[in-house]
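**Q** Just so you know, the protein sequences line up as chains A and B, in that order. For the first sequence, my numbering puts the final residue at 524, and the numbers step up evenly by one. For the second sequence, my numbering puts the final residue at 524, and the numbers step up evenly by one. Every residue gets a Cβ at the ideal spot worked out from N, C-alpha and C, and that includes glycine. Keep in mind it's a predicted model, so treat the numbers as computed, not measured.
Protein chains: 2
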Amino acid sequence: MFTRKRIVIALGGNALGNTLPEQMIAVKSTAKALCDLIEEGHQVVVVHGNGPQVGMINNAMAALSREDENQPNTPLSVCVAMSQAYIGYDLQNALREELRNRGFVRTPVVTVVTQVRVDENDPAFENPSKPIGRFLTKEVAEEQAKKYGHIMKEDSGRGYRRVVASPKPQEIVELDAINSLVDAGKIVITCGGGGIPVYLNKNHLKGCSAVIDKDFASCLLAKDLDADLLIILTAVEKVAINYGKENQEDLSDLTVEQAQKYADEGQFAPGSMLPKVQAAMDFASSKPGRTAMITLLEKAKEGIKGQTGTIIHN
Amino acid sequence: MFTRKRIVIALGGNALGNTLPEQMIAVKSTAKALCDLIEEGHQVVVVHGNGPQVGMINNAMAALSREDENQPNTPLSVCVAMSQAYIGYDLQNALREELRNRGFVRTPVVTVVTQVRVDENDPAFENPSKPIGRFLTKEVAEEQAKKYGHIMKEDSGRGYRRVVASPKPQEIVELDAINSLVDAGKIVITCGGGGIPVYLNKNHLKGCSAVIDKDFASCLLAKDLDADLLIILTAVEKVAINYGKENQEDLSDLTVEQAQKYADEGQFAPGSMLPKVQAAMDFASSKPGRTAMITLLEKAKEGIKGQTGTIIHN
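#1: Would a check of beta-carbon distances place Lys238(B) closer than 7 Å to chain A?
#2: Count the other CB atoms, across all protein chains shown, that sit within 10 Å of the CB of Glu268(B); report buried if there are 16 or more and exposed otherwise.
#3: Using a Cβ-Cβ distance cut-off of 7 Å, determine whether Ile406(A) contacts chain B.
#4: Excluding the five sequence neighbours on either side, which residues of its own chain have a C-beta within less than 8 Å of the C-beta of Glu459(A), listed in chain order?
#5: Compare the C-beta of Leu391(B) against all C-beta atoms of chain A and say whether one is closer than 7 Å.
#6: Would Pro318(A) pass as an interface residue toward chain B - the criterion being a Cβ-Cβ separation below 7 Å?
#7: Count the C-beta pairs between the region 291-298 of chain A and the region 286-300 of chain B that are closer than 8 Å, then say yes if the count reaches three, no if not.
#8: When the cut-off is 7 Å and only beta carbons count, does Glu307(B) lie next to chain A?
#9: In chain A, what lies closer than 8 Å to Lys396(B) by C-beta?
#10: Determine whether the beta carbon atoms of Phe345(A) and Gly369(A) lie at a separation below 7 Å.
#11: Can you tell me which of the three DSSP states Val320(A) falls into?
#12: Any C-beta of chain B sitting closer than 7 Å to the C-beta of Gly298(A)?
#13: Tell me which residues of the region 356-384 of chain B have at least one Cβ-Cβ distance to chain A shorter than 7 Å, keeping chain order.
#14: For Lys348(A), name the three-state secondary structure that DSSP assigns.
#15: Roughly how many angstroms separate the alpha carbons of Cys289(A) and Asn389(A), rounded to a whole number?
#16: Bridge partners for Asn411(B) per DSSP, in chain order?
#17: Is the Cβ of Val256(A) closer than 7 Å to any Cβ of chain B?
#18: Is it true that the CB of Ile422(B) sits closer than 7 Å to the CB of Gly404(B)?
#19: Which first and last residues belong to the beta strand (DSSP E) in which Arg306(A) is found?
#20: Under the DSSP definition of a beta bridge, which residues are partnered with Gln325(B)?
#21: Under a CB-based cut-off of 7 Å, is Met292(B) close to chain A?
#22: Less than 7 Å between the C-beta atoms of Val374(B) and Pro338(B), yes or no?
#23: For Ser482(A), count neighbouring C-beta atoms within 10 Å of its own C-beta (all shown protein chains included) and say buried if the count is 16 or more, exposed if not.
#24: So is Arg310(A) in contact with chain B if we call contact Cβ pairs under 7 Å?
#25: So who's on the other strand from Lys340(B), going by DSSP bridges?
#26: Just to confirm the assignment: which complete alpha helix (DSSP H) runs, minimum length 4, are found wholly within the region 415-480 of chain B?
#27: Quick check: the region 213-223 of chain A against the region 423-432 of chain A, are there 3 or more CB pairs under 8 Å?
#28: Under 7 Å between the Cβ atoms of Val398(A) and Ala304(A)?
#29: Name the DSSP beta bridge partners of Arg500(B), please?
#30: Could you tell me the distance, in whole angstroms, from the CA atom of Val319(B) to the CA atom of Asn280(A)?
#31: Which of the residues in the region 263-278 of chain A, read from start to end, lie with their CB under 8 Å from any CB of chain C?
#32: Per the DSSP calculation, Ile217(B) is bridged to which residue(s)?
#33: Any beta carbon from chain B within less than 7 Å of Leu415(A)'s own beta carbon?
#34: Could you give the distance in angstroms between the alpha-carbon of Leu301(A) and the alpha-carbon of Lys378(B)?
#35: Going straight from the alpha carbon of Leu324(A) to that of Ile382(A), what length do you get?
#36: Contact check, Ala273(A) vs Ala270(B) under 8 Å by CB: the rounded distance?
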């Protein structure tokens, strides 16, 4: 029997482009793929990454503080907040337009500025690993490292990028409001860039210099919203073992146990496929009936029908 | 009899400070004043201005595009979007904290990225009048005018500021979602900076280079949400006639007719008190029982009790 599902979808920040013109093109195909699911009666909640965008905004704020001595540099948490609106505005607009084009007259798409609580003692703060911003030459990277104390890492031969801490999400602060919107049938864009990273200091939520992994944030959100399906969109149609080798094998169906075994063998690249598979396993094992899928944006619709993608289930 | 009201509150962007450290202090006193009303059982919806903040963000994005040739300059509409999260994040946090400090365990404060439709033929586009950003010296203002084609105006002896078009708000695009949140008892921050200015081009909402007056946007929102009271917070406790003169007279109670008469006499400064009085008159005359109030942030609580402020009613 066909079931109308509650689906949390995690979109990659890299897929949204490095500049605003690139983003405005990217959101169109994103909107088409999301509307395909909405049109089939599914309830869709959207989480997106922000790696390139938050790096760009952080650079802009730093450029301003160089030009204007009255402007102190802007914390990364504030840049994450800004990236939520920078991306959300375009994405909600593209979704609204695509829905209207398909005859949906009421098009309730909404972006919620979302904070996500992390543990201030998360070991991730000792080991920055999440790349943000553009790829840089070695010289520019060294210059930025000296000027701002940024930590730079070489990224698989493609150049240098700033890396920041990526602590695990513990709690979605605005969950209550997100829940109300989803229950009221709105299409909600939330936890953008993994959410604004904050930790609790008595009653105060203090921003911290980090970017939360959007795959983990979307897993937490999917659990909290009691979603049926978590879809993690990425650059490949299926998860593979022996990736890039002669004996590469694409996987269509994985139990949590199998996925864990492959993860333990080091089959999935850290910072790339590994967190996606981990988030998928976490969601699929959190409650009976919950399933995760990893696939390409443009294959999401077929994936839901079981025609492609990698399904992870208990 | 004491009535629990639905109140839309418009906060000035200038009251939120020119820098992030200033903003973080400002939101604390704002949160206290808002919580005073919430504590008394009123339902509060918050709209804020963004004059200094959207100017700052626009400058940051311009500074980036000077440093990075791959980054084209960012449209003002996108900067308005970013300012909604830049301000909303701090404001929702301060509100949450103040509520918790007062024993509210569930503290559902939420910022909605909000687009507001304007008319692309609004005459305001021909006559930019809304000042944004910092006060500049004549030299710097002329330099920016040349470099970016910005229009600069001298502002009451305090220096030069960039001015942009300020078209009238016609429709709040995300109203449906805002309504759901307000009905569900959430404290909503919306229409920040007057809302992201967009106009309709078939099914596409196109951003435009403008900043909508937050007083007019809050008036439209108050009407749409069927609020009882619109409170416009400003730098004076009461609206006055003969302002700054020896015979200045503070007004406690104004009918729409009286207010219109004073407005026609030129008693209220354009771009300052005039739009506030106009928004107040518009709301008060839109339906029986609707009242507007203009006062200081820290006098809002007393104002609601009829002890101070200027009430505008039909």
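**A** Looking at the atomic coordinates:
#1: no
#2: A small fix is needed here, since residue 268(B) is Asn in this sequence, not Glu. Its Cβ being crowded by 16 or more others within 10 Å, Asn268(B) is buried.
#3: yes
#4: Ala450, Ile451, Asn452.
#5: yes
#6: yes
#7: yes
#8: yes
#9: Asp386, Ala387, Ser390
#10: Yes, the pair counts as a contact, with Cβ atoms nearer than the cut-off.
#11: strand
#12: yes
#13: Glu384
#14: DSSP places Lys348(A) in the helix class (H, G or I) of the three-state scheme.
#15: 25 Å
#16: For Asn411(B), which the question treats as bridged, DSSP gives the partners His414(B).
#17: no
#18: yes
#19: From DSSP, Arg306(A) is part of no beta strand (DSSP E) but of the alpha helix (DSSP H) over 286-311.
#20: Ile406(B)
#21: yes
#22: yes
#23: exposed
#24: Yes, Arg310(A) counts as interfacial toward chain B.
#25: Paired residue(s): Val374(B).
#26: 424-434, 466-474
#27: yes
#28: no
#29: The partner list for Arg500(B) (beta bridge, DSSP) is empty, contrary to what the question assumes.
#30: 31 Å
#31: Going by chain labels, chain C is absent from the structure shown, which instead holds the protein chains A and B.
#32: Val254(B), Leu439(B)
#33: yes
#34: When rounded, the distance between both Cα atoms is 25 Å.
#35: Reading off the sequence shown, one finds Thr at residue 324(A), where the question assumed Leu. Cα-Cα distance, rounded: 7 Å.
#36: Ala273(A) to Ala270(B), Cβ: 7 Å. Contact.
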